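Protein chains in written order, with the working numbering: chain A, 66 to 475; chain B, 66 to 475.
What follows is the structure, given as C-alpha cells:
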C-alpha cells in the first residue's frame with residue numbers, strides 16, 4: 066500500500082479523548098476515528114490490525130472445535146424477559162412498528178441458547194460449541210478508555226453445551242489453554258495472568274484473563290509464584306492463592322482481556338433446554354461461555370506497547386510487516402525504491418510504502434507513530450553506504466544492510 | 066468437515082416463513098435460522114456461503130481502489146438532523162443515558178461524509194473511495210421474503226468522493242464494470258441487467274442491478290437487444306430504451322441485487338464538506354454511493370438456483386466444493402472413505418463428509434437439499450464397479466470413475 070494513497074493519515078492534533086493513551090495514539094496514527102464516546106470508526110490501518118487479531122482468535126477457537134456462526138444484534142425483548150435480564154441497565158431498547166419490543170444484544174446467551182436448543186434433540190448432538198465474531202452494544206453510563214470500553218464494540222463469544230457438568234469442566238480447561246495460546250500469539254503472553262473472579266449466580270468462581278498494566282481499571286492480588294491473580298471483588302472471601310495457598314499477594318493494576326464462565330444450567334433451564342440421554346431420560350444441558358473482545362485487545366496492545374514516539378506493534382498483528390521509506394528527492398533513489406516495493410509485493414510481503422515528498426523528519430516521525438515493527442529507509446546516503454537502513458521499531462539502533470540481505474531480516 | 070459434527074442439520078419441517086423459497090430451503094438445509102421476522106442467524110453452512118459472497122465483492126471493490134473501513138451501527142441522531150433524514154420511517158431510534166439520542170444506521174452517508182471530510186484537506190486527498198461490509202438496520206413495517214429484505218442485514222457500501230462531477234462520472238463507470246464482474250463471478254451474470262431507476266433528488270437516474278426472476282418484487286421493462294431495464298417507477302417519463310430508443314420493451318419481474326447513485330453534493334453540502342483546489346479556492350466535493358447486500362445476494366441465488374429437491378449452489382459460493390457420502394455399513398468402505406476424506410483435506414479441497422450411519426435415501430436427499438455442486442458417493446457397489454459415483458448437482462446423470470481420476474473432475 067502506498068501511504069500517499071492511504072485513507073487516514075497521521076495527525077499531531079490531540080483528539081477529544083486524548084486522556085486515554087490508546088485513543089490518542091490510534092487516532093493520531095490514523096487507525097481509528099471517534100464517532101461518539103465509546104463508538105469508533107476503524108480506518109484502513111485500524112481494520113487491518115483488528116482483522117489480524119480476529120484471525121488469531123478464530124484459528125485457536127476453531128482448533129478447540131468451535132464452529133463459527135453469526136447471530137444478529139437485533140432481538141426480541143421477549144428472550145430477555147425469559148431469562149429475567151430485560152431490566153439490565155446496559156441493555157439498549159428499541160421499538161419497531163406495531164410497538165414491537167426489541168433490544169440490542171449486550172451478550173448472546175438469550176439468542177444462542179434457544180438456537181442450539183432447536184438443533185439439539187438427543188445426547189448424540191452433544192457436546193457442541195459455537196462462536197461468533199460480531200459487535201455488541203452496551204448502554205454504558207460513561208464510556209471512557211478509548212476502545213477499551215465501548216458502547217459498540219467487537220467481541221468473540223463462544224458458547225459450549227454439554228451433557229453433564231464433567232464434560233463442561235473438561236471443555237472449559239481446553240478453552241483456557243486455547244486462550245493462553247491466543248495471548249501468546251498476540252504478544253501479551255508474558256504479561257497476562259489468569260485471575261479468579263466472582264462466578265456470579267452461576268458458580269463459585271469465573272476466570273478472567275488480565276494483562277498487567279498500570280493503566281488497568283482492575284485491581285488484582287497476584288501470586289507471583291503461580292502467575293495467578295485474584296480480583297479485588299473476591300479478595301475478602303479468598304485468603305491467599307487458590308492454587309498454592311501463598312498469602313503474600315502483590316497488588317497490581319490490570320486490563321481484563323477475556324473471561325470464561327461455567328454457566329451451568331442458568332440459561333438452559335430458563336429456556337427449558339434439556340436433552341434425551343441414552344436411557345431415554347430428560348436431562349438438563351450444561352453450558353459455558355467464553356469471551357474475548359478483539360477491539361479491546363487492540364486497545365490493550367497500544368496501552369502496553371508504546372513509547373513517547375508512538376505505537377510498537379507486535380509482528381503478529383501489525384498492519385504491515387514492513388514500512389519502506391524514501392528520503393530525499395533524488396530520482397534514482399525513488400526509482401530504486403519503486404523497484405524494491407514491487408519486488409516485495411510480488412513476494413507477498415505486506416509493505417507500507419511512504420512515497421510522499423515530505424521531509425525526512427515528518428516521514429520518520431510518522432513511521433514511529435504508526436509503529437510497524439520493521440523500517441527500511443532508502444536514501445542517497447544509504448545507497449552510497451551499500452544498501453538500505455534497517456531499523457526495528459523496538460530497538461534504538463539501525464544498521465545498513467545490502468539489499469540482497471533484506472530477505473534474511475524479514 | 067464431518068457432517069456428523071456440523072452444527073445445523075437439515076430438517077424436513079417447513080419453517081414459519083416457508084412462503085419464501087429462500088427462507089424455506091436455507092432453513093431446511095441448515096444454513097439459517099430465523100430470529101424474528103427479517104432477522105436471521107447464520108449457521109456454519111450459511112456463514113460459509115455469506116463469507117464467500119463477501120470475499121468476491123471485496124476483491125472486486127479493492128480492484129477499483131476501494132479502501133476497506135468499518136463504521137459503527139450506533140450513531141448520534143444529530144448527524145441525521147443535519148441531512149434532514151432523522152424522520153425517515155425506517156430509522157431505528159434509541160435513547161442512551163442522559164437522554165442521549167442515537168440511531169442505528171440504515172445506510173452510512175451520515176457517518177462517512179464527516180469521516181472523509183475530517184481527512185480531506187486539499188485536492189491532493191481526492192479522489193478517495195472507502196467501503197465497508199457491515200450490518201444495516203431498518204425498521205421495516207413488514208419484513209418478508211426471507212433474507213431478501215431484512216430488519217438487520219449485511220451490506221457492502223462503497224462511497225466515493227471527487228474534486229468534480231466529471232471525475233465522479235468516470236469512477237461511477239468503473240464501479241459499474243466492477244459490479245458486472247461481481248455478478249458474473251456469483252453465477253448471476255447472465256440473468257442480471259442494469260436498470261434505470263429514479264435518481265431521487267440527486268440526479269436524473271440512478272442505476273439498479275436487477276436479477277430477472279419471477280419471484281422478484283420489482284417490475285422492469287426490458288430492452289432485450291441492449292439487456293437494459295427501466296424500473297416501473299420511471300416508465301411513465303421514459304418512453305423506450307434509454308440506449309437505443311427501442312419502444313418494444315418486455316415486462317419482467319426482477320430482484321434488485323445492487324444499486325449505485327451519483328449523490329453529487331447532496332450530503333457533502335449538508336456537512337459543509339468542501340476542499341481547497343490547486344488555485345486556493347473552496348470547491349464542493351462530489352460524492353457517489355454504491356451498494357450490494359451479501360445476504361440479499363445469498364437469498365437471490367437460492368431463489369434462482371433451486372429445484373424440487375433443494376438448492377443448487379454456483380461453485381464460487383458453495384459452502385464446500387465437494388460432498389462425500391458413504392452408503393451402507395461395510396467397514397472396508399468406511400475405511401476407504403476416511404482415507405479419501407483425509408487425502409482431500411490435505412490437498413486443500415473443501416469437503417463436507419457425510420459419515421453418518423443413516424439410510425442411503427436420507428443421505429442422498431440431504432445432499433440434494435444442501436446443494437453442493439459435486440457429489441461423490443462411495444459404496445460397496447461403487448467400489449466393485451471400479452471406484453466412486455460422481456454426480457453434479459446440476460445434472461441428472463451420475464458416472465462411476467476410478468478414484469485415481471477424481472482430481473481431474475474437481
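In this text, a Cβ means the ideal position worked out from N, Cα and C, and glycines have one as well.
If you're wondering where the values come from, they're calculated on a predicted model, not measured in any experiment.
With a minimum length of 3 residues, the unbroken runs of beta strand (DSSP E) contained wholly in the stretch 318 to 398 of chain A fall at 339 to 341, 347 to 349, 351 to 357 and 387 to 391. DSSP, read as helix, strand or coil, puts residue 184(B) in coil. Taking a Cβ-Cβ cut-off of 7 Å, the neighbours of residue 136(A) in chain B comprise 106, given in sequence order. Flagged as an interface residue toward chain B: residue 204(A), by a C-beta distance shorter than 8 Å. Between residue 69(B) and residue 440(B), the C-beta spacing is not below 8 Å.
Scanning its chain for C-beta atoms nearer than 7 Å, with the 5 sequence neighbours on each side dropped, one finds around residue 182(B) the residues 336 and 338, in chain order.
If you compare the alpha carbons of 457(B), 188(B), 117(B) and 199(B) with that of residue 475(B), the shortest gap goes to 457(B). Nearest neighbour of residue 349(B) by Cα position, chosen from 242(B), 264(B), 244(B) and 232(B), turns out to be 232(B). Taking residue 221(A) as the centre and dropping the five residues before and after it, the same chain places the C-beta of 119, 122, 123, 126, 196, 197, 198, 356, 357, 358 and 359 closer than 8 Å to its C-beta, in chain order. The Cβ atoms of residue 455(B) and residue 437(B) lie no closer than 8 Å to each other. Pairing residue 384(A) with residue 104(B) gives a Cβ-Cβ distance that is not under 8 Å. In summary, residue 269(B) is exposed, with fewer than 16 beta-carbon neighbours lying within 10 Å of its beta-carbon over all protein chains present.
Short of 6 Å from the beta carbon of residue 193(A), and not among the five residues preceding or following it, lie these beta carbons of its own chain, in chain order: 226. Looking at the backbone, the Cα of residue 361(B) and that of residue 391(B) are separated by about 34 Å. Any Cβ of chain A closer than 8 Å to the Cβ of residue 125(B) would place that residue at the interface, and such an atom is absent. Taking CB atoms only, residue 170(B) has no neighbour in chain A less than 8 Å away. When C-beta atoms of the stretch 272 to 291 of chain B are compared with those of the stretch 244 to 263 of chain B, three or more pairs fall below 8 Å, so the two segments count as touching. Taking a contact as a CB-CB distance under 8 Å, the pair residue 102(B) and residue 208(B) counts as one, their CB atoms being some 4 Å apart. Between residue 158(B) and residue 142(B), the gap from beta carbon to beta carbon is short of 8 Å.
Under the 8 Å criterion on CB atoms, residue 162(B) is classed as interfacial with respect to chain A.
For residue 351(B), no chain A residue has a C-beta closer than 9 Å to its own C-beta; the minimum C-beta separation is roughly 17 Å. Annotation: residue 230(B) to residue 66(A) spans about 27 Å, alpha carbon to alpha carbon. Going by DSSP, residue 111(B) is part of the alpha helix (DSSP H) stretching over 109 to 128. For residue 426(A), the nearest beta carbon of chain B is not closer than 8 Å to its own beta carbon. Following the DSSP letters along the chain, one finds residue 134(B) in no alpha helix (DSSP H), marked with neither H nor E. Rounded to the nearest angstrom, the gap between the Cα atoms of residue 155(B) and residue 133(B) is 26 Å.
Assignment of residue 243(B) by DSSP, reduced to helix, strand and coil, places it in the helix class. An exposed status is given to residue 407(B), since fewer than 16 other beta-carbon atoms sit within 10 Å of its beta-carbon. Nearest to residue 345(A) by alpha-carbon distance, out of 470(A), 72(A), 186(A) and 179(A), is 186(A). Shown here for residue 71(B): same chain residues with a beta carbon closer than 8 Å to its own, the five before and five after excluded, namely 95, 109, 110 and 417 in chain order. The C-alpha of residue 76(A) lies about 5 Å from the C-alpha of residue 93(A). Residue 213(B) has its alpha-carbon roughly 21 Å from the corresponding atom of residue 153(B). Pairwise C-beta distances place the stretch 238 to 254 of chain B out of contact with the stretch 278 to 286 of chain B, as fewer than three of them are shorter than 8 Å. Taking each of 179(B), 288(B), 83(B) and 289(B) in turn and checking the Cα distance to residue 334(B), the smallest one comes out for 179(B).
Nearest Cα to residue 444(A) within the set 400(A), 462(A) and 415(A): 400(A).
Scanning chain A for C-beta atoms nearer than 9 Å to the C-beta of residue 217(B) yields 137, 138 and 139, reported in chain order.
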